[in-house]
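**Student:** Before I ask anything, let me first share the structure, which is written out below as structure tokens.
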């Protein structure tokens, strides 16, 4: 099922009956079932994989033990030959031959487990991908439906509170007016700030004895003296 | 995070990235959280949660507000602006044009708050820039 195309067809169809599903319920059930099946397959594959990997490790251990045993017996055979005991050497050689044939079988078992585990890993990976893909498609359907329902809730809320969505131009008008107001307030605040900082400058000048000075008792006395 | 969690976090915030919020839950088959960023009450952001996403949507205008002669130009402009516009994309729901942003359900409150603020700012800018296409 190509969900993308189904949703596309549905939304292009324009106005839909309230409650009408984007993708029919049966198709969703099939998709959900496919996800469940793929999840079951993946679970089984993972269990099998654990089992196979354990057996593979076991077989590899046996193979190593066998190899060690072959080397050990080769050592014995050489020692027997060194001592000139041909009969004993032959007996050891027979044992080595048996061990080698076992080794051959074990090697085959290890290879078979390895290839089985590779196949299972691939199966797990593919199932995982399939699940994710189906989940993505299901999420598209659910999101589309959720957004339609959310839009319905928002519209109903407007109706219930007896308000309506204002047009974009009206909204913009109000936003712009508020921004102008804000800028005006900002300018007014800046002007005020300037005035205050001007006052600050005058204070500094006064402190430095420049410009207008406060009347002090001394200056008043001096003025009176000059009049007398 | 549920709608209630997000609503609570927004109400507890005095200010986030310098923005203030006014939130209200709208009940319905799908619960929606209405978020007004600062004084932008004209462009509320609507947040809803699905299985896989947190969706934040702001409505722009209705089809009947579009100057039909400039419609195709408007659509092309919107499509071209989708990538430059940070975190949000243009969309259409029924006969309403919208701006939306989608977050993973695993997102934290900071991601949601940032998304909502940016979405609200993008909406005002888009309204102002695309006004010429409206009747």
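Chains as they are written, first to last, in the working numbering: chain A, 18 to 245; chain B, 9 to 143. We put the CB at the ideal spot given by N, CA and C, even for glycine. No experiment lies behind these values; they were computed from the predicted model shown.
1. Report back the beta-carbon spacing between residue 195 of chain A and residue 20 of chain B to the nearest angstrom; my notes put them in contact at under 8 Å.
2. Which runs of the beta strand (DSSP E) fall wholly inside the segment 9–67 of chain B and span at least 3 residues, in chain order?
3. Beta carbon of residue 31 of chain B, beta carbon of residue 163 of chain A: below 7 Å?
4. Please confirm whether residue 13 of chain B has its beta-carbon closer than 7 Å to some beta-carbon of chain A.
5. Per DSSP, which one or two residues make a beta bridge with residue 97 of chain B?
6. Can you tell me the Cα-Cα spacing of residue 113 of chain B and residue 120 of chain B, whole angstroms?
7. Is DSSP giving residue 215 of chain A helix, strand or coil here?
8. Tell me which same chain residues have a C-beta within less than 6 Å of the C-beta of residue 78 of chain B, skipping the five on either side of it?
9. Is there a Cβ from chain A that is less than 7 Å from the Cβ of residue 34 of chain B?
10. Specify the secondary structure class of residue 124 of chain B as computed by DSSP and reduced to three states.
11. Helix, strand or coil for residue 74 of chain B per DSSP?
12. Leaving out five residues on either side along the sequence, give the residues of the same chain with a beta carbon under 7 Å from the beta carbon of residue 98 of chain A.
13. What residue range does the alpha helix (DSSP H) around residue 80 of chain B cover?
14. Please tell me whether residue 124 of chain B and residue 43 of chain B are closer than 7 Å, where the distance is taken between their beta carbons.
15. Could you pull the start and end residues of the alpha helix (DSSP H) that residue 44 of chain A belongs to?
16. Taking residue 21 of chain A as part of the alpha helix (DSSP H), name the residues at either end of that continuous run.
17. Hey, out of A:116, A:75, A:108 and A:58, whose CA is closest to residue 84 of chain A's CA?
18. Have a look at residue 69 of chain B and residue 127 of chain B and give me their C-alpha separation to the nearest angstrom.
19. Taking the C-alpha atoms as reference points, what is the distance between residue 234 of chain A and residue 200 of chain A?
20. Find the residues of chain A that neighbour residue 56 of chain B, judging by a C-beta separation of less than 9 Å, and give them in chain order.
21. Please check if any C-beta of chain A sits within less than 7 Å of the C-beta of residue 41 of chain B.
22. Any contact between the segment 151–167 of chain A and the segment 37–54 of chain A? By contact I mean 3 or more CB pairs, one from each, below 8 Å.
23. Contact criterion: CB-CB distance below 7 Å. Does residue 128 of chain A meet it with respect to chain B?
24. Please check if any C-beta of chain B sits within less than 7 Å of the C-beta of residue 4 of chain A.
25. Within 7 Å of any Cβ in chain B, is that where the Cβ of residue 185 of chain A sits?
26. Compare the C-alpha of residue 60 of chain B against each of B:23, B:93 and B:10 and name the closest.
27. Using a 10 Å radius around the Cβ and a threshold of 16 neighbouring Cβ atoms, would you call residue 82 of chain B buried or exposed?
28. Would you grab the beta carbon distance between residue 183 of chain A and residue 50 of chain B for me? Rounded to a whole angstrom, and I think it's under 8 Å.
29. Going along the chain, which residues of the segment 90–103 of chain B sit with their C-beta nearer than 7 Å to a C-beta in chain A?
30. Return the chain-ordered list of same chain residues with a C-beta closer than 6 Å to the C-beta of residue 117 of chain B, the five sequence neighbours on each side being excluded.
31. In chain order, what residues of the same chain lie with their CB nearer than 6 Å to the CB of residue 112 of chain A, ignoring the 5 residues before and after it?
**Tutor:** Checking against the coordinates, here is how it stands:
1. Going by Cβ atoms, the distance from residue 195 of chain A to residue 20 of chain B rounds to 26 Å, so no, they are not a contact pair.
2. 29–34, 40–45 and 53–57
3. no
4. no
5. B:108
6. 10 Å
7. helix
8. 141
9. yes
10. helix
11. strand
12. 106
13. 79–89
14. yes
15. 42–99
16. 20–29
17. A:116
18. 15 Å
19. 48 Å
20. 163, 164, 166, 167 and 170
21. no
22. yes
23. no
24. Within the shown structure, residues of chain A are numbered from 18 to 245, placing residue 4 of chain A beyond reach of any answer.
25. yes
26. B:10
27. buried
28. 7 Å
29. 101 and 102
30. 17
31. 90
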